[in-house]
Every structure is written in C-alpha cells, then in structure tokens.
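Peer 1: This structure is in structure tokens; I'll ask about it shortly.
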Amino acid sequence: MAGTSDIKDLLTRNVRQSGIYIAFVFIVLLFTVLTRGALLSPGNLTNLILQYSYILILAIGMVLIIVAGHIDLSVGSVVAFTGSVAAVVVIQHGLPWWLGILAALGIGILVGLWQGFWVAIVGIPAFIVTLAGMLIFRGMTMQTLGNVSLSPFPEAYQKIAGGFLNGLFGGPGYDVFTLVVAAAVVIVFALQQWRARLAKLRYDQSVEALWIFAVKVAVVAVIVMAFAWQIANARGLPVVLILLAALILIYSFVSQQTVFGRHVYAMGGNLQAARLSGVKTRLVNMMLFVNMGLLSAIAGIVYSARSNSAQPGAGNMFELDAIAAAFIGGAAVSGGVGKVQGAIIGGLIMAVMSNGMQIMGIGQSTQSIVRGVVLILAVAFDVYNKKRAGAEG
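Numbers in my numbering are just positions in the sequence shown, counted from 1, shifted up by 3.
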C-alpha cells in the first residue's frame, strides 16, 4: 500500500545523495560569507559558468564510466587533441568554423572507438587503456599543433563558450529572456516531479508527504529564479549554459529511463550477473567509451572557444577534476552507484571552492590541498555508508 515519507525518511533513504546536496548548500553559504557576497554577484556567477562548464561536461560522461566499474584517465588529453584538430581546420586551413566542430566531434568518436576496442573487445582494463591514451593523445596534440599554440578562432566559434542570448525580450536593466527561460524550467520541473509522484502512487510506492513535496518544488523554484535574476543582471543567458543543461537532461534520461542506462548500472553492480542475464557487456562498454570520446570532444570545443586558442598543454589535469566531481557527487568506487545530477553537484562543489578561494586570494598550493581533502572525505563517506549498510543487513 502506498505511504508517505517524512523528512527523516527522505534523508536516510539515500544518505549519499541527500548528503551531497546538503554539503553543496553549506559550501555555497560558507564561501558567500567568506567572500562577503562576491561569490554570488552577477558577474562572478556568470564567470563561474563559463570557467567550469567543460569540467561539468566531462563529469557527465565520467560518472557513467565509473558506474560501469571503469575509469578514464585520457579525457584531458582528448580535450586538447580535439581542440587542436578544430584549430587546424579553422585557423590554419581557413575553413568554416562549423567544419572545425564536426572534425573535432568525429575525432572524439574515433578516440572512443579506439579505446572501446581495447577495453570491450580485447579485455584490457580501462585504467591501462586510458593511461596509454593519455600519453598517446597528448603526443598527437603536440604533433598536430607542431608544439605551438594556434589562435585566434573566428568570433562565431568563440560564441560557443563566450556567447550570450540576451535582449530578445528587452528589459529595464536586466534581461527578461533569461527570466522567462528560468520560469519555464521551473514549470517543467514541477510538472515532471508531479508526474513522477503520481506514477509512484499508482504502483503503491512510498512518496514524500504533500507538504514536503510542495516545499521541495518551492525551494528549487526560488534557487533557479534567484540564479536567473543574478545572471540576467550581468550579461544574460550564456550559450554554454544552454548546451550544458541540454546534456544534463539528455544523459539523466538516458541513464535512468533507457535499457542502455539500466545495463550500465547492472554491469557496475555485478558484472557476472549482468552477463548471465543477457546484457551485451561488450557493446555497452564500447558505447560508453564512444560516448566519453564524444563528450570529451564537446568539452574540447568549449575549452578552445573559451580560451580562443588551441594549446599543447590544454586540458591538463581535467581528468582528475572530472573524476573528483563524480566521486564527490556520490559515485561509488566499486561501481554500480552514481547519478548525472550528483556528478554535476560534485563538479559545482569543486567549482565553488576553487572560485571562492581565488576570490579570497588563497594560493594554488592551498587550493590543491583543500580539494584533495574534500575528495578523500567524500570517498571515506561512501565507504562508511557501505560498512553501515552491511552491518544493518
């Protein structure tokens, strides 16, 4: 029989996911106080989106890789390689900017096929394959660029990461279009949550109390509209935010609502059982790495557009940021657990900490230490939850 849950039930049903949202709110509030409000200023929020968008794009693909029980150490090098290919096509050969995008995406898919072949068909562990890929594609980046930077990109290409949609509806000192889009997002979210609630009730599943549901939707609405108000008072709606939002929606649906997504989780939970139940593990692994190559190419395009250049050292350490985002966002080290939304929140936590410490004038060395401590605490929290669940079981 269907029942309702109180706040305690909601927090304890999935400690890993609820904990990450609470931690995110706490960190935002902490750095807002420490930076005297500068963190949430319109200009800084816009820069936060532009500066960390490519890491969040990588985190979307990385969490699926980790859920399946793998790891990908090559994404930073692939970001650099695909960006260098786009630069050669557009800057060196003077071809249209969109051809550079297609070339970069094609290279990303080929990279995914290459690595997927060794993991899925040959059976080499992904750690080794992608470690080799990190070296191979970094070297190919240097060869492609001739060990020099290429710049600048055409203005149309730069708008991918630095463009804004504003002024469409006007506005007295702020962009109305940004607020309209945010309001539409809130409405869609509320309707989706209501439909999900009704679906659970039809199958006699437990749902939160109606007042808790209303408060949850209201809180999300306030946060989204407050965020929209801030960026509407800066430069409007960033193009890259639209791209990022589309990717989050697509991959959230794919991971949670499709056969492919269920197979990924099944493989991470118990690979042998997944094989016995008919999951085509080779095909799933191949698709995972092709997808990671594609998302790395998108991140490479965004990063090169943001920096307005292609550099041999681009993407350095991006793989570690993406992996950290996935683990901080609730992905399990052993696989089988993790969500796209969690990885995004994990990436935002890293972004807010880095940005906040930069505003405070804290050095890079201290920033690295803090981020490392947060990562180890997040994984320790996951291990603790597993031990507690085992003890209770």
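Glycine included, each C-beta is placed from N, C-alpha and C at the ideal position.
Quantities reported herein were computed from a predicted structural model and do not represent experimental measurements.
Within 10 angstroms of the Cβ of Gly97, are there 16 or more other Cβ atoms? Answer buried if so, exposed if not.
Peer 2: As a first step, residue 97 is located in the sequence shown; it is residue number 94 there, counting from the start. The residue is exposed, with fewer than 16 neighbouring Cβ atoms inside 10 Å.
Peer 1: Output needed for Leu297: all residues of its chain with C-beta closer than 7 angstroms, excluding positions within five of it in sequence on either side, in chain order.
Peer 2: Residue mapping note: residue 297 aligns to position 294 of the sequence shown, counting from 1. Leu108, Gly111, Ile112, Gly115, listed in sequence order.
Peer 1: Alpha carbon to alpha carbon, how far is Ala1 from Gly350?
Peer 2: Nothing can be reported for residue 1, as the shown portion of the chain is limited to 4 through 396.
Peer 1: Using only alpha-carbon positions, find the residue among Trp117, Ser337, Ser299, Leu323 that is nearest to His73.
Peer 2: Counting from 1 along the sequence shown, the entry for residue 73 is found at position 70. Out of Trp117, Ser337, Ser299, Leu323, Ser337 has the C-alpha closest to the C-alpha of His73.
Peer 1: Does the distance from the CB of Phe292 to the CB of Gly119 come in under 9 angstroms?
Peer 2: Here residue 292 refers to the residue found at position 289 when the sequence shown is read from its first residue. Here residue 119 refers to the residue found at position 116 when the sequence shown is read from its first residue. Yes, the pair counts as a contact, with Cβ atoms nearer than the cut-off.
Peer 1: Can you name the start and end residues of the alpha helix (DSSP H) that Arg39 belongs to?
Peer 2: Sequence index remark: in the sequence shown, residue 39 carries index 36 (1-based). Unbroken run through Arg39: none, as it is neither H nor E.
Peer 1: Using alpha carbons as the reference points, say which of Phe130, Leu67, Leu61, Trp121 lies closest to Leu76.
Peer 2: Locating residue 76 in the sequence shown gives position 73, counting from the first residue. Closest by alpha carbon: Phe130.
Peer 1: Assign Phe167 to one of three DSSP states: helix, strand, or coil.
Peer 2: Residue mapping note: residue 167 aligns to position 164 of the sequence shown, counting from 1. Strand, per DSSP.
Peer 1: Just mark Gly281 as buried or exposed, buried being the case when its beta carbon has 16 or more other beta carbons within 10 Å.
Peer 2: In the sequence shown, counting from the first residue as 1, residue 281 sits at position 278. So Gly281 counts as exposed.
Peer 1: Give the C-beta separation of Ala90 and Ala313 to the nearest angstrom, bearing in mind that I take them to be a contact with Cβ-Cβ under 8 angstroms.
Peer 2: Here residue 90 corresponds to residue number 87 of the sequence shown, with the count starting at 1. Here residue 313 corresponds to residue number 310 of the sequence shown, with the count starting at 1. Confirmed, Cβ separation roughly 3 angstroms.
Peer 1: Compute the Euclidean distance between the alpha carbons of Ile348 and Ala248, then round it to the nearest angstrom.
Peer 2: The sequence position of residue 348 within the sequence shown is 345, counting from 1. The sequence position of residue 248 within the sequence shown is 245, counting from 1. Spanning the two alpha carbons is a distance of roughly 13 angstroms.
Peer 1: With a threshold of 6 angstroms on Cβ separation, who are the neighbours of Tyr55 within its own chain once the five nearest residues in sequence on each side are excluded?
Peer 2: To locate residue 55, count along the sequence shown from 1; it is residue 52. Only Ala354 meet the Cβ criterion.
Peer 1: Beta-carbon separation of Met356 and Phe34 under 9 angstroms?
Peer 2: Along the sequence shown, one-based indexing puts residue 356 at 353. Along the sequence shown, one-based indexing puts residue 34 at 31. Their beta carbons are under 9 angstroms apart, which means Met356 touches Phe34 by this criterion.
Peer 1: When DSSP labels each residue in this structure, what does Val2 get in the three-state scheme?
Peer 2: What is shown of the chain runs 4 to 396, which leaves residue 2 out entirely.
Peer 1: By Cβ distance, which residues of its chain are closer than 6 angstroms to Phe29, with the 5 residues on each side in sequence left out?
Peer 2: If you number the sequence shown from 1, residue 29 lands on position 26. Nothing listed; no residue qualifies.
Peer 1: Would you mind reading off the limits of the alpha helix (DSSP H) that contains Ser310?
Peer 2: To locate residue 310, count along the sequence shown from 1; it is residue 307. Looking at the DSSP string, the run of the alpha helix (DSSP H) that includes Ser310 is 284 to 310.
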